[in-house]
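Here's the structure, in C-alpha cells; my notes come after.
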Amino acid sequence: MAAIETRLFINGKVRQFVEASDGRTFPLYSPATKEKVADVSEASEEDTNAAVAAAKAAFPAWSALSPSERGVPLRKLAQLIEENHDELARLDALSMGRPVSTFADPGRASAHFNHYAEAGYEALGTSSVNTPGFVNLTLRQPFGVVAAIIPWNGPLVFLPMKAAPALVAGNTIVLKSSEKAPLTCAKIATLVEKAGFPPGVFNIISGHGHISGNVLSHHMDVRALSFTGSGRTGRIIQQAAAKSNMKNVILELGGKSPSIIFPDAELDKAAKETMYSIQWNSGQVCMANSRIYVHESIAPRFIELCKKSLSTVVKGDPLDPKTTHGPQADKLQWESVQHYIEASKKLGQMVLGSEEQPDDSNGYFIEPTIFLGVPEDAKAMKEEIFGPVVHINTFSTEDEVVAKANDSEYGLYASVYTNDLSRALRMAKKLESGNVAINCTSPTGALDMPFGGYKSSGVGREGYTVSIDQYLETKTVLMKIDEETSL
Ligand code: NAD
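Position one of the sequence shown corresponds to residue 46 (the numbering used here), numbered consecutively onward.
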C-alpha cells in the first residue's frame, strides 16, 4: 500500500513537498474506526505566504504560454488521476468515511482536466464598431494568483472544478484542502508534480481555515478566490475580501433543497431517487433533498416506498466494497446531526431511524432517518443538517407548496416530480433555486449547465460553459481612429 502523503506542496519542483515551517501537524482519525490515520502538516501563515509568492512568481511565464501548451500538464494530470482511482478511493474512505463503492470522483476529476485541457481558446474578448470614430475591443486576461478553498465532502469534485478552469485561463493557484479530508488533495499534489506543471503554478496546502484559509482570504496578492463550503465561512471570506483587496469572490454554499411530489408522479421512482439523494454520502451533500413535500392524497403510499428504499442500505466499513452507507465525517458532524434528530423527535413523528440513545462508540454512524410533520418553522426545517435525515411534509395546492419550498434562505437545488409538462415548467419558473430538476433529483447534474445558488446559497456559477469566465478579468481597449482616408 502506498505511503500516505501528508505534507505541503509549495513551489512544485523547487521546494516540492515540505513539512510546515513551524513543524505543526494536526491528527486525522477515521470516522469509522476512530483510529488515527495520519498526522497532517498544518500550513502556517509563513507557508501560505510562501505558496502565494510561488504562485505569483510563476504567473508571468505560465500566462504567456498558449492555451494548448497549458493544456499539456492538465491532460497528463487527468490520466494520472484515473490511474490512481483505487488509492484515491481509499484515502477518502479513511479520512471522511466515503464508501469506496460509491466513489466515482476520479473519473469526474479527470473528465474536468481533460475538458479544460482543450478549452483554453474559449477565453475570447469582443470587438465593437458601434462608437463612431473608434474600433473598440475587450481583452480577457487572467487575474494572476487565484486561491481555492474547498470542503471535505467531495475534495475530488471541487479541486478540479476550480483548479482546471483557473489554470487553463492562465492563472496560477493555491488550493487549500479541508482539515477533515486533506489526503486526496495531497495525493493529487504528488500527481501534479509528475504531470509536469512548472514550479509554483499549482500549489496545494492543508490546514485549518482560521490559519491558512484566513491568510488566503486576506492576502493582497490573491486576486480571485473560489470557495465551496458553509455559508458561515462564505460570509467570513466575503468580509476578508472587502477588508483587504476586494478580490473577486465566487461562493458555492449550503442548501436546504426541497423535492415536490405531485399525485401524477411515478411514485416508485420518486421515492427511490429522493431517498438516494438524502442518503448518498451519508447526507453530506449541499444539494441533498432534505425537505420533501408530497401531495396529501399519495403521502401514505409514498412514505412506505421511501422506507422500503432505505431498507436496502448497507451500513459499515467504508473500505468494504459492499458498504453503501458510511459514517458522518467526524465527531463534530455526528453531534450536530444528532442534535437535529433529537429536536425533531420532540416536534414530529420519526417513521424511520434509531430510537436508541445516540452512541458513537462504534464510529460516527447515523441510520437513514425520516421525520413526518415537523413544523415548517422548526430549526430542522430551516437549517442545513448535512446528514441522512429527511423531513417529509404534505401539501394540498400548488401555491401552498411553492410558498413552503421558497420559504428558505437557501436556494441551491429543487426538484419536482410530475407528469404534467405545464405544471413542471410553471414550478421551474416559480421556484427560487439555482437548479430545478424535473422528474429527477440531486445528485443529478449536467457538466455544461451552470451550477450555483440563489439567495444565501452562493454567488457565481460553475460549469463547463461558465467557469473559465469566472477566472478572467475584462479589459476594455478604446482605439480612436481617423475616419478620413489618407491616400
Ligand atoms: P466549512 O465552511 O466549514 O469549510 C470549508 C472550507 O473553508 C475548509 O477548507 C475550511 O478549512 C475553510 N475555512 C473554515 N474557516 C475559514 C476561514 N475563517 N477563512 C477561510 N477559510 C476557512 O464547510 P465544510 O463543513 O467543509 O463543508 C460543508 C458545507 O459546504 C455545507 O454547508 C455544504 O452545503 C457546503 N457545500 C456547498 C457546495 C456547493 O457547491 N454549493 C458543495 C459542497 C459543499
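We put the CB at the ideal spot given by N, CA and C, even for glycine.
For Gly456, which residues does DSSP report across the bridge? Walking along the sequence shown from the start, residue 456 turns up at place 411. Partner residues in the beta bridge of Gly456, as assigned by DSSP, are Tyr499.
Which residue marks the beginning of the alpha helix (DSSP H) containing Met320, and which one marks its end? In the sequence shown, the residue the question calls residue 320 occupies position 275. Here the alpha helix (DSSP H) through Met320 covers Leu312 to Gln324.
Nearest to Glu128 by CA position, among Lys239, Gly252 and Glu167, is which residue? Here residue 128 refers to the residue found at position 83 when the sequence shown is read from its first residue. In terms of Cα proximity to Glu128, the closest of Lys239, Gly252 and Glu167 is Lys239.
List the endpoints of the continuous beta strand (DSSP E) containing Met395. For the purposes of this step, residue 395 is taken as residue 350 along the sequence shown, with counting starting at 1. Counting along the chain, the beta strand (DSSP E) containing Met395 begins and ends at Gln394 to Leu397.
Can Glu80 be considered in contact with ligand 1, in the sense that its beta carbon sits closer than 6 Å to one or more heavy atoms? Start at 1 with the first residue of the sequence shown, and residue 80 comes out as number 35. At a cut-off of 6 Å, the beta-carbon of Glu80 does not count as near ligand 1: no heavy atom of the ligand is closer than that.
Bridge partners - His263, DSSP secondary structure assignment: Reading the sequence shown from its first residue, position 218 is the one you call residue 263. His263 is not bridged to any residue.
Considering only the beta carbon of each residue, do Ile249 and Ala234 sit closer than 7 Å? For the purposes of this step, residue 249 is identified with residue 204 of the sequence shown, where counting begins at 1. For the purposes of this step, residue 234 is identified with residue 189 of the sequence shown, where counting begins at 1. Taking 7 Å as the Cβ cut-off, Ile249 and Ala234 qualify as a contacting pair.
Identify every run of the beta strand (DSSP E) within the segment 464–494, keeping only runs that are complete inside it and at least 3 residues long; order them along the chain. DSSP runs (the beta strand (DSSP E)) wholly in the segment 464–494: 480–483.
Would you check if the segment 114–130 and the segment 78–97 touch, i.e. whether three or more CB-CB distances between them fall below 8 Å? The segment 78–97, when compared against the segment 114–130, does not touch it at the 8 Å Cβ threshold.
Sufficient close CB pairs (3 or more, under 8 Å) joining the segment 485–500 to the segment 451–461: Taking 8 Å as the limit for Cβ pairs, the verdict is that the segment 451–461 does touch the segment 485–500.
On the DSSP bridge assignment, give the partners of Leu73 in chain order. Working through the sequence shown from its first residue, we reach residue 73 at position 28. Leu73 pairs with Ala83.
Since Arg115 and Gly215 should fall inside the 8 Å C-beta cutoff, what is the C-beta to C-beta distance between them, to a whole number of angstroms? Along the sequence shown, one-based indexing puts residue 115 at 70. Along the sequence shown, one-based indexing puts residue 215 at 170. Arg115 to Gly215, Cβ: 7 Å. Contact.
Determine the direct distance from the alpha carbon of Ala138 to that of Leu350, and round the result to whole angstroms. By 1-based counting over the sequence shown, the position of residue 350 is 305. By 1-based counting over the sequence shown, the position of residue 138 is 93. Rounded to whole angstroms, the separation of the alpha carbons of Ala138 and Leu350 is 30 Å.
For Val202, three-class secondary structure by DSSP: The residue given as residue 202 occupies position 157 in the sequence shown. Residue state, collapsed to three classes: helix.
Indicate whether the contact test is met: 3 or more Cβ pairs, each with one atom in the segment 203–214 and one in the segment 183–195, closer than 8 Å. Between the segment 203–214 and the segment 183–195, the count of Cβ pairs shorter than 8 Å is three or higher; the stretches touch.
Exposure label - His255; buried when at least 16 CB within 10 Å: The residue given as residue 255 occupies position 210 in the sequence shown. His255 should be labelled exposed.
What span of residues does the beta strand (DSSP E) with Lys221 cover, start to end? As a first step, residue 221 must be located in the sequence shown, where it is residue number 176. Judged by DSSP secondary structure, Lys221 falls within the beta strand (DSSP E) whose first and last residues are Thr217 to Lys221.
Is Gly432 buried or exposed, if buried means 16 or more other CB atoms sit within 10 Å of its CB? Your numbering for residue 432 matches position 387 in the sequence shown. That one is buried.
Range of the contiguous alpha helix (DSSP H) that encloses Arg143: By one-based count along the sequence shown, residue 143 stands at place 98. Looking at the DSSP string, Arg143 is not in any alpha helix (DSSP H), and its letter there is neither H nor E.
State the DSSP-derived secondary structure class of Glu507, mapped to helix, strand or coil. The residue given as residue 507 occupies position 462 in the sequence shown. Three-state DSSP puts Glu507 in a strand.
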